[in-house]
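So the sequence shown is numbered by the working numbering: it starts at 150 and just counts up by one. Every residue, glycine too, gets a C-beta built ideally from N, C-alpha and C.
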Amino acid sequence: MRILGIDPGLNKTGFSVIDMNAGSFTLITAGVFRVPKGELSSRLSHIFRCIQELASEYHPDIAACEKVFVNVNPQSTLLLGQARGAAICSAAVAGLPVREFTPTEIKQAVTGSGRAEKPQIQAMMVRIFSLPENPQADAADAMACALTAAQTEAMTALTGAAKTSMGNARFTSRGGAKSSRRAWAARVAEMKGDKP
């Protein structure tokens, strides 16, 4: 499965494309595109076009985008929401299902802590993808978002397989979402070289 990760922003937008195959991840590309100053409509159009170009060039199966969190400045939150809307709309027009995650969900998925700071996320991206140096913060956030989508898709596939193998019987995980998060946290710890 190929996933386009998006960290939307009105000044710069992070992106990544990762492949997930049998539980391993390969980084195809990642970076940041700058959004030129100007009228809001032109800036949103630029974000829309850039996401379409990425979708056209790399042919992802799904897109993953960070949800907007409420900032202390409502105007900033509204502008970020518009940038996010342009990115999501572009992915949808390209025919991609879009998965959305809160910053806390993303941090929890890739570091094991929902309170991780940007340097911790960058360090995990270096470790997971064997990068020679820290990626830009926005690119790292896009990679983390794509990894969160990969984890979610893998868990959904496992749950679906369990449902199928059970036939018409009802399948309910005893641990639920907490159990899934613990399993993923153990996997992250394993990738970091820590003991789960």
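Residues near residue i by beta carbon distance below 7 Å, same chain, minus five either side
i	result
proline 209	Arg151, Ile152, Leu153, Val166, Leu245
threonine 301	Arg248
glycine 180	Phe164, Ala288
valine 184	Leu159, Asn160, Lys161, Thr162, Arg192, His195, Ile196
serine 279	none
Assigned exposure category for residue i - 16 Cβ within 10 Å defines buried
i	result
glutamate 351	Given a span of 150 to 345 for the chain in the structure shown, any question on residue 351 remains unanswerable.
alanine 298	buried
glutamine 112	The structure shown does not extend to residue 112, since the chain is modelled only from 150 through 345, so no value can be given for it.
proline 157	buried
arginine 323	With a pLDDT of 47 at arginine 323, under the threshold of 50, the predicted position of this residue should be treated as unreliable, though the coordinate-derived value follows. Exposed, by the Cβ-count rule.
glycine 309	exposed
valine 242	exposed
Residue j beta carbon less than 8 Å from that of residue i
i	j	result
isoleucine 270	cysteine 294	no
lysine 267	alanine 236	no
methionine 274	proline 284	yes
CA-to-CA distance, residue j to residue i, given in whole angstroms
i	j	result
serine 239	alanine 171	29 Å
isoleucine 177	glutamate 188	32 Å
isoleucine 277	valine 219	30 Å
isoleucine 211	leucine 203	12 Å
threonine 226	alanine 303	31 Å
arginine 336	leucine 229	32 Å
Close beta carbons around residue i, own chain, < 8 Å, minus the five adjacent residues each side
i	result
methionine 315	Its pLDDT being 46, under 50, methionine 315 is placed unreliably by the model, and nothing is read from it.
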